[in-house]
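Number of protein chains: 2
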Amino acid sequence: MSYTAPVKDMLFNIEHLARIDQVAQLPGFEDSGLETAQAVLEECAKLNEGVVAPLNREGDLKPSWAKDGVVTTTPGFKDAYRQYAEGGWQGLQHPVDFGGQGLPKTIGSACGEMLNSANLSFALCPLLTDGAIEALLTAGSDEQKATYLHKLVSGEWTGTMNLTEPQAGSDLAAVRTRAEPQPDGTYKIFGTKIFITYGEHDMADNIVHLVLARVTGAPEGVKGISLFTVPKFLVNQDGSLGARNDVHCVSIEHKLGIKASPTAVLQYGDKGGAIGTLVGQENRGLEYMFIMMNAARYAVGVQGIAISERAYQQAVGYARERVQSRPVDGSMNTAAPIIHHPDVKRMLMTMRAATEGCRAMASVAAAAYDAAHHHADAEVRKQNQAFYEFLVPLVKGYSTEMSLEVTSLGVQVHGGMGFIEETGAAQHYRDAKILTIYEGTTAIQANDLVGRKTARDGGTVAKAIAAQIRQTEAELAKGSSNAQAVGKRLAAARDAFEQAVDFIVANTKGNPNAAFAGSVPYLMLAGNLVAGWQMARALLVAEALSAKGQDKAFMDAKITTARFYADHILSRAPGVAASIVDGAEGVTAMAIEAF
Amino acid sequence: MSYTAPVKDMLFNIEHLARIDQVAQLPGFEDSGLETAQAVLEECAKLNEGVVAPLNREGDLKPSWAKDGVVTTTPGFKDAYRQYAEGGWQGLQHPVDFGGQGLPKTIGSACGEMLNSANLSFALCPLLTDGAIEALLTAGSDEQKATYLHKLVSGEWTGTMNLTEPQAGSDLAAVRTRAEPQPDGTYKIFGTKIFITYGEHDMADNIVHLVLARVTGAPEGVKGISLFTVPKFLVNQDGSLGARNDVHCVSIEHKLGIKASPTAVLQYGDKGGAIGTLVGQENRGLEYMFIMMNAARYAVGVQGIAISERAYQQAVGYARERVQSRPVDGSMNTAAPIIHHPDVKRMLMTMRAATEGCRAMASVAAAAYDAAHHHADAEVRKQNQAFYEFLVPLVKGYSTEMSLEVTSLGVQVHGGMGFIEETGAAQHYRDAKILTIYEGTTAIQANDLVGRKTARDGGTVAKAIAAQIRQTEAELAKGSSNAQAVGKRLAAARDAFEQAVDFIVANTKGNPNAAFAGSVPYLMLAGNLVAGWQMARALLVAEALSAKGQDKAFMDAKITTARFYADHILSRAPGVAASIVDGAEGVTAMAIEAF
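Heads up: the protein sequence lines correspond to chains A and B, in order. As numbered in full-length UniProt numbering, residues 1 to 595 make up the first sequence, in order. As numbered in full-length UniProt numbering, residues 1 to 595 make up the second sequence, in order.
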């Protein structure tokens, strides 16, 4: 099944919701207006549609495989990766100083979606490299930057994040990998890391592992964790590759999905110690890692949108071709393509609305990121940073949870054929399931949202968002019947959100079990609201443009999709608030031994 | 991961909700009281826990395989099936006249759940045999009954249902397989059938295919379809096996889940015609098939409950053992088993409440079936039949849709380990996905619910159920704070249901697209309501018994689970009603070409 990048929808968001015109006024982004966005997206679409997407099924059928510590990727991946790197795509959002394009996230995140729609397994390699670049930019020494950044930004080398150990998953306090300081200022690293995405592969000359470990004598818990760079091949002074470092792939996992992406168990120090260099200061590793995790969490949210889009396109394609039964309204005398049946339309609309809603939310979050990092005014930067940070767990948690529903519906639209692996719909269903787990499970995102993003400031940012939504409601109230219908749902959802915020603010300290029992429902409610809000904003824009006759078919579809979102998805919000406010009793009352 | 049959919960439902004391007053069921139920369930648990469950993972790793038309099942399946048949389990609910046990469905369906929890792939073979028995009991000639029923009821032979063809899935009007009448009264069958569960295998001596086909010259559409028995081996007059019939397995499918269950493409008549005999009258095949499909639909609903139970047990087991992070309430100074974390409890409670709610609904439906078939009073039979028929699409549709949520949460509880196939959680997630598709997709169930079960009688049965629920609400209102909290949610859900019923009754004829656009949401709302109602009834019983000190730990857990169901699942109902009543616009407005 082929993939067509939704360039038009992306540009709609970039222009009208993320407001690229405002992004282009930020220092450093003067050349990044709508025209640039369009040119970049169209070029990006070509590569992903033509080169990367056709390898998606192949990767599922012929996953990466490991033998004697060597990992061979799916046939075709190596060449596709070469084209990706040569096209300069790895450097899209990275600084020009290190060979990047220096484009805003507002554009870059749309490109990221395309790559992930084309091939989720393939896209993980660049995604992790982005994280490594981010960490080195933030906390790397000049020497580390000089040694690694050009090569990573060019895509010649790739990066990994080494957090997890068998006993340390969500709880990084339990990390045991140790680092022994050496007289020359380097460290020797010993330990086992698991679930290392692209921890070993054959697509690049070198792999730069960013590794969490404890320096000998460091404090227990999270305050004793440091971050190290450990390259697969040591790098000589002149930048050429030196000796093989003492980090080896023991095995790769047999997984439910994203099979082409090798998930490695890495062993450090079996032959005397892997040589690493400290990033930043000792014992501040978790802090640096969080910076790169925030970038990665946003990116995983985009993966959710991406797999949803791919599943939607596949389902629409099948629904147009598969002929079965007459329409219930008697409009046709013969069996019709199933896209004519109301419930098939409902499923496709659910897939579409969820995808477009999450895409709009991610686009607006990207613009906030750009303003938070580039705006001249510190107060504006601060406001945008707070808004972005509130949105990260929503982009990650809500978009990926919705991708489970979307990819499940994708199988369902195919009926019995969906259950047959040859059809390809099942692959998306399997692939998507990792997205609610890695880079912090939905519960971890929800804890972040409840603790750091809502309770800590007494709900200030949350309420500020609610206030902005009220403004959109006021505009909707003056509008068409569709606008008013959407406004009614938006108001009910915003009201539910405010109730939930009040409950969380009131209970997080005094009754944490009650607050955290509703953490994931709160995340789902907030994500639903913000995505629905963006769809409502989109409806207002689309109505105005449709009235002018501008791209009428697209605008009318956007209006219908926004209406659908409100009545079928946003309408879930009040029930979720009930679970949060009244539901703690049913969670906490159960005795552990009674399960 | 082992399986422990939830005998206590099943007996609670059978005793207090399905009221086995009343079932045991029906003619023919005099010996089928609570003691019998307990003895049968305990014996059934032994076989399934000890013999069938351990083969579940094996079946996923070593699926059935086909070579030259011969299908070999997973190692161990053949022997387990022999034990199943020898134990008399195939005949549990079938007439004593043909060697069965003649037990009520109220008991039989609990046994069915155990078999399916133990091994969904394995259980499909008996499930389909039940369907074949049902069809022959209903419409078979005396000769057909004499030839096949004893062997099917004893499990020596197995049965299949042959409906689907490449162009005829949900739409059986498109069936093309043809039957040519022969001078001796038999028919020669020619055609291709796909998706035939256990269409070929090595566990039994003979396979009796029940096949939909068109007799030469029959009318077009559904009114020209007849039903035939086509055995794999012809049966001699003395009952011994004769020549191999001209039906052959061409291939089996490579599927997302239930891999051990061979899904065959069967070719009829490549060597001159497969010999079949007509069941009942010509052109009434679909009518007979619907009888057996209703039984199979109920049974697939039970599969949803079964896989949910298995996933729940696996998740609880992991959550008790996996140690990660300190509890948020500061109650422990060290990292705790994750079952202590509120969101893990919330996930487990969601799994548990959904499973128990659907189980209670299925149990009550089974009792209605027994009364509908055995009660002495025709009016009572009729009422129970109407109630049962309303519940079948709910048991099938709602329980299986919920099993997708439950098995997904099952993976989620495991975190990263859930995505690794060795863990086993992913298998349940993959296996469950077929349940919303086969024996009629959720949309097909929903069409049945909207058209035949709600609109046709002007909502009479639906409103009668709502009236019964009001009585439960009245009891809850007089009860404890938990009872009142549940009553509030039940009333809101029942109110939402009545709104939806009114909308459906008003629109199904005049505006079918609007009514059917909300068909699946209506099914989900109705299923949620009826399951929630049964949980509310369970709460009232459990409170009374807990107060008497009877099995207090169990009763208190039931109360908490019922409360959880109300606040976390039943609370979704009002939002769904909004989608049904206001949501058609967003579905129907989208132009086909705009997708």
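Each residue gets a CB set at the ideal place from its N, CA and C atoms; glycine is no exception.
> In the DSSP assignment, what residue or residues form a beta bridge with alanine 66 of chain B?
Replying inline: Per DSSP, the beta bridge partners of alanine 66 of chain B are B:Val71.
>> Does serine 571 of chain B come out as helix, strand or coil in the three-state DSSP assignment?
In response: helix
> Secondary structure at glycine 518 of chain B, three-state DSSP: helix, strand or coil?
Replying inline: coil
>> Between which two residues does the beta strand (DSSP E) holding isoleucine 252 of chain B run?
In response: 247 to 252
> Is the Cβ of glutamate 574 of chain B closer than 9 Å to any Cβ of chain A?
Replying inline: Reading off the sequence shown, one finds proline at residue 574 of chain B, where the question assumed glutamate. Yes, contact with chain A.
> For tryptophan 65 of chain A, is the classification buried or exposed, using 16 other Cβ atoms within 10 angstroms of its Cβ as the cut-off for buried?
Replying inline: exposed
>> Any contact between the segment 283 to 302 of chain B and the segment 396 to 415 of chain B? By contact I mean 3 or more CB pairs, one from each, below 8 Å.
In response: yes
> What residues in its chain sit with their C-beta under 7 Å from that of proline 337 of chain A, if we drop five residues either side in the sequence?
Replying inline: Ala319, Arg320, Glu321, Arg322 and Val323
> With respect to the beta strand (DSSP E) encompassing glutamate 321 of chain A, which residues constitute its N-terminal and C-terminal limits?
Replying inline: Here glutamate 321 of chain A belongs to no beta strand (DSSP E); instead the alpha helix (DSSP H) covers 285 to 321.
> Just how far apart, CA to CA, sit valine 501 of chain A and alanine 514 of chain A?
Replying inline: 13 Å
>> Suppose the cutoff is 7 Å on Cβ atoms and the five residues either side in sequence are ignored; what does the same chain contact list for alanine 295 of chain A look like?
In response: Asp130, Gly131 and Glu134
> Given that glutamate 421 of chain A touches chain B, what residues does it touch there, using C-beta distances under 8 Å?
Replying inline: His254, Lys255 and Leu256
> DSSP three-state call for isoleucine 225 of chain B: helix, strand or coil?
Replying inline: coil
>> According to DSSP, simplified to helix, strand and coil, what is methionine 555 of chain B?
In response: helix
> Who pairs with isoleucine 189 of chain A in a beta bridge, going by DSSP?
Replying inline: BP columns for isoleucine 189 of chain A point to A:Ala179 and A:Ala274.
> Where DSSP assigns a beta bridge to arginine 244 of chain A, which residues make up the other side?
Replying inline: A:Phe233
> With a CB to CB cut of under 8 Å and the five nearest residues on each side skipped, what residues in its chain are close to aspartate 270 of chain B?
Replying inline: The beta carbon of aspartate 270 of chain B sits closer than 8 Å to those of Asp246 and His248, all from its chain and outside the five residues before and after it, given in chain order.
> Helix or strand or just coil, what does DSSP make of glycine 28 of chain A?
Replying inline: Correct three-state label for glycine 28 of chain A: coil.
> Does the beta-carbon of asparagine 333 of chain A have 16 or more other beta-carbons within 10 angstroms, so that it is buried, or is it exposed?
Replying inline: exposed
> Under three-state DSSP, which class holds glutamine 499 of chain A?
Replying inline: helix
> Along chain A, in chain order, which residues have C-beta atoms closer than 7 Å to that of arginine 178 of chain B?
Replying inline: What arginine 178 of chain B touches in chain A: nothing, since even the nearest Cβ is about 19 Å away.
> Looking only at C-alpha atoms, which of A:Leu212, A:Glu405 and A:Ala18 sits nearest to glutamate 309 of chain A?
Replying inline: A:Glu405
> So, helix, strand or coil for methionine 161 of chain B, using DSSP?
Replying inline: Methionine 161 of chain B: strand per DSSP, three-state reduction.
> Could you give the distance in angstroms between the alpha-carbon of cysteine 358 of chain B and the alpha-carbon of aspartate 370 of chain B?
Replying inline: Looking at the two C-alpha atoms, the distance is approximately 18 Å.
>> For a minimum of 3 consecutive residues, which ranges assigned as the beta strand (DSSP E) are wholly contained in the segment 425 to 453 of chain A?
In response: Secondary structure remark: continuous beta strand (DSSP E) runs of at least 3 residues inside the segment 425 to 453 of chain A: none found.
>> Less than 7 Å between C-beta atoms, sequence neighbours within five positions excluded: which residues of the same chain meet that for glycine 87 of chain B?
In response: Leu47
>> Under 9 Å, Cβ to Cβ, is there at least one residue of chain B near glutamate 164 of chain A?
In response: Sequence check: residue 164 of chain A is threonine here, not glutamate. Judged by the 9 Å Cβ criterion, threonine 164 of chain A is in contact with chain B.
> Where residue 634 of chain A and leucine 529 of chain A are concerned, what is the direct C-alpha to C-alpha distance, given to the nearest angstrom?
Replying inline: Lying outside 1 to 595, the shown extent of chain A, residue 634 of chain A is not represented and no answer is given.
> If contact means a Cβ-Cβ distance below 9 Å, which residues of the segment 535 to 557 of chain A contact chain B?
Replying inline: Ala553, Phe554, Asp556 and Ala557
> Under three-state DSSP, which class holds residue 601 of chain B?
Replying inline: The requested residue 601 of chain B is not part of the displayed model; chain B covers only 1 to 595.
>> According to DSSP, simplified to helix, strand and coil, what is tyrosine 268 of chain A?
In response: Residue state, collapsed to three classes: strand.
> arginine 214 of chain A bridges to which residues according to DSSP?
Replying inline: A:Arg178
> By the 10 Å Cβ neighbour count, where 16 or more other Cβ atoms means buried, how is serine 571 of chain A classified, buried or exposed?
Replying inline: buried
> Would you say histidine 568 of chain A faces chain B, with C-beta separation under 9 Å as the test?
Replying inline: yes
>> Let's test the definition: count the other Cβ atoms within 10 Å of the Cβ of glutamine 101 of chain B and tell me whether it reaches 16, buried, or not, exposed.
In response: Buried, since its Cβ has 16 or more Cβ neighbours within 10 Å.
>> One question on the structure: do valine 395 of chain A and glycine 527 of chain A come within less than 9 Å of each other, judged by their Cβ atoms?
In response: yes
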